[in-house]
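Chemist:
There are 2 protein chains.
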Amino acid sequence: MYSVVLLGTGNLAQHLFEAFLPVKEIQIVQVYGRNPEKLIRFQQHTNVCSDPMEIVDADIYIIAVKDDAITAVAALLTSKKGIVAHTSGAVDMDAIALKNRGVFYPLQTFTKGKSLNFGHIPICIEAEQAASVQMLKQLGGHISAKVVEITSEQRKKLHLSAVFVNNFTNHLYQIGADICEKEGLSFELLHPLILETAEKIQDISPFDAQTGPARRGDTESIKNHLGLLNDQKHVELYTLFSTAIKKAYEKKL
Amino acid sequence: MYSVVLLGTGNLAQHLFEAFLPVKEIQIVQVYGRNPEKLIRFQQHTNVCSDPMEIVDADIYIIAVKDDAITAVAALLTSKKGIVAHTSGAVDMDAIALKNRGVFYPLQTFTKGKSLNFGHIPICIEAEQAASVQMLKQLGGHISAKVVEITSEQRKKLHLSAVFVNNFTNHLYQIGADICEKEGLSFELLHPLILETAEKIQDISPFDAQTGPARRGDTESIKNHLGLLNDQKHVELYTLFSTAIKKAYEKKL
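Order-wise, the sequence lines are chains A and B. Under numbering that gives the first Met the number 0, the residues of the first sequence are numbered 0 to 252, in order. Under numbering that gives the first Met the number 0, the residues of the second sequence are numbered 0 to 252, in order.
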């Protein structure tokens, strides 16, 4: 049984709280947050506090706050003996100026109000002390089947990859939606294609999954498509992607 | 009951064949293909032919061949009375130089050897004659709950959108895989994120779904990410995407 204090009340904090709550090996002894209003939703389940002086002792402190607040929140815990771990993909472990520090980074996009099954979400662990690595691994293992130990450097690269496959992909969806809207077409027509594109990649590599005019070297279709685009930014993206894809497959032929 | 001749033996032809086969209102009376070897897999289920002179009469001819072969294959059917429809997203209906022409375009990515449920795949219909529109709609309705009539112009724009959300998205997956590989990380770590990104969009708009440094206007994270990228093409894409996302949300603030 681990006692856990959760620091933060935002989107990720809420998702982690929901994931930890039903696990009998994890006892969330407290949720800390500066804004008392945001603590209301937690206080029916556990002790809450907005005064740093009231933070209780626990085995593990999980900091789920904005990147630039991690150092300051960690500084509230200088007198504590438990592990202090942040949950960010982009921040060095050293942002926590404590000896017993670590990272507990769930690699996923968390949408407000949308429940998630943590079962297969990778939890990326890092800690200063070997015993803390083990403890964070066990904590992660209670909510996910995929717990991995990685370095700060690897985590940053993973987070960067996530920006490409998540944030930028979503912007491509936005472009698709814009083109449809201008043509009086429902974006919903693209939903099944979007889903299949993501599902496909669960079984085959992106290299093998690639299709389309650029993959085929079909310059006629590419020319036609460029002629259909009105937005100069879309033309730039179309050209960059097509050039990159063409090159990747020329190389391997 | 409609009699259908399928012209083509490639990936899409096979998927359509599999979708049509169990439908009792559809009788695939023949599959035509130039290469006899590629007909073998069809001939246990229906009549096949590789001689254009042997093509039988049918209510509907579905041409599922490469874009640049559509006109030539349609020309084999000048003496036929049935509807002649191609299945391409990018080709004008006029590529078929026959009076009773149409389009039957399933908007999806078809992977060789991977069965697909057509149930929710949009089938985009177009035809010269009103009666043919109805017949193609009914044909589509037997395999999908989503059959829509759109113009050639709309279809081309839809196909262009599909290139963004499917082909280019897959290239972003490739970039994610490349970054992971260089860092000794398994690309599988990104699988759940990729899937959730696509699933999210089934319920909320891409505009509301957008997250990440550019959305937050977090220039510090953007600078750090650019510093981590080694490939100049990735830097270009990162910058283009981030600028576009930042702009979209500045506008709406």
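Yeah, the Cβ is synthetic: ideal placement off N, Cα and C, and Gly gets one too.
Is the beta carbon of H85(B) less than 9 angstroms from the beta carbon of F109(B)?
Modeler: Not a contact, by the Cβ cut-off of 9 angstroms.
Chemist: In the DSSP assignment, what residue or residues form a beta bridge with G101(B)?
Modeler: A84(B), A126(B), per the DSSP bridge assignment.
Chemist: Could you check if H119(A) is buried or exposed, using at least 16 other CB atoms within 10 Å of its CB as the buried criterion?
Modeler: Exposed, since its Cβ has fewer than 16 Cβ neighbours within 10 Å.
Chemist: I want to know whether the segment 160 to 175 of chain B touches the segment 40 to 47 of chain B - three or more CB-CB distances under 8 angstroms.
Modeler: Short answer: they don't touch.
Chemist: Indicate the three-state DSSP secondary structure (helix, strand or coil) for V47(A) in the structure shown.
Modeler: Strand at V47(A).
Chemist: Tell me, which residues are paired with Y60(B) by DSSP?
Modeler: Partner(s): V4(B), V83(B).
Chemist: Listed in chain order, which residues of the segment 171 to 189 of chain A have Cβ atoms closer than 9 angstroms to some Cβ of chain B?
Modeler: Cβ contacts with chain B come from L171, Y172, Q173, I174, G175, A176, D177, I178, C179, K181, E182, G183, L184, S185, F186, E187, L188, L189.
Chemist: When the Cβ atoms of the segment 185 to 205 of chain B are set against those of the segment 229 to 243 of chain B, are three or more pairs found closer than 8 angstroms?
Modeler: Touching, no.
Chemist: Could you tell me the alpha carbon to alpha carbon distance between T45(B) and V3(B), rounded to whole angstroms?
Modeler: Roughly 11 angstroms between the two C-alpha positions.
Chemist: Considering only residues of the same chain and omitting the five flanking positions on each side of V47(B), which have a CB-CB separation below 6 angstroms?
Modeler: Answer for V47(B): V30, L38, F41, listed in chain order.
Chemist: Between V164(B) and chain A, is the shortest Cβ-Cβ distance under 9 angstroms, so that the two count as touching?
Modeler: So, interface residue.
Chemist: Can you tell me the Cα-Cα spacing of D202(B) and I54(B), whole angstroms?
Modeler: Approximately 46 angstroms, taken between the alpha carbons.
Chemist: What residues in the segment 189 to 200 of chain B bring their beta carbon closer than 9 angstroms to a beta carbon of chain A?
Modeler: Listed by position along the chain: L189, H190, P191, L192, I193, L194, E195, T196, A197, E198, K199, I200.
Chemist: Taking the alpha carbon of I59(A) as the reference point, which residue from P21(A), Q137(A), K111(A), T218(A) has its own alpha carbon closest?
Modeler: When each option's Cα is compared against that of I59(A), the closest is Q137(A).
Chemist: Going along the chain, which unbroken runs of the alpha helix (DSSP H) with 4 or more residues stay wholly within the segment 154 to 223 of chain A?
Modeler: Segments of the alpha helix (DSSP H) lying fully in the segment 154 to 223 of chain A: 168 to 181, 190 to 199, 205 to 208, 212 to 215.
Chemist: Candidates G226(A), E198(A), S204(A), I193(A): which alpha carbon is nearest A176(B)'s?
Modeler: Taking only the C-alpha atoms, the option nearest A176(B) is S204(A).
Chemist: When the cut-off is 9 angstroms and only beta carbons count, does Y31(A) lie next to chain B?
Modeler: Taking Cβ atoms only, chain B never reaches closer than 9 angstroms to Y31(A), which makes this a no.
Chemist: Rounded to the nearest angstrom, how far is the Cβ of Q153(A) from that of L184(B), given a contact under 8 angstroms?
Modeler: At roughly 6 angstroms, the Cβ-Cβ gap stays under 8 angstroms, so Q153(A) and L184(B) are in contact.
Chemist: Which word fits D217(A), buried or exposed, when buried means at least 16 other C-beta atoms lie within 10 angstroms of its C-beta?
Modeler: So D217(A) counts as buried.
Chemist: For A126(B) and L115(B), which I take to be in contact (beta-carbon distance under 8 angstroms), what is that distance rounded to the nearest angstrom?
Modeler: No, A126(B) and L115(B) are not in contact; Cβ-Cβ is about 24 angstroms, not under 8 angstroms.
Chemist: By the DSSP assignment, the alpha helix (DSSP H) with V72(A) in it spans what residues?
Modeler: Counting along the chain, the alpha helix (DSSP H) containing V72(A) begins and ends at 69 to 73.
Chemist: Do you know offhand how far V147(A)'s Cα is from I124(A)'s?
Modeler: For V147(A) and I124(A), the distance between alpha carbons rounds to 6 angstroms.
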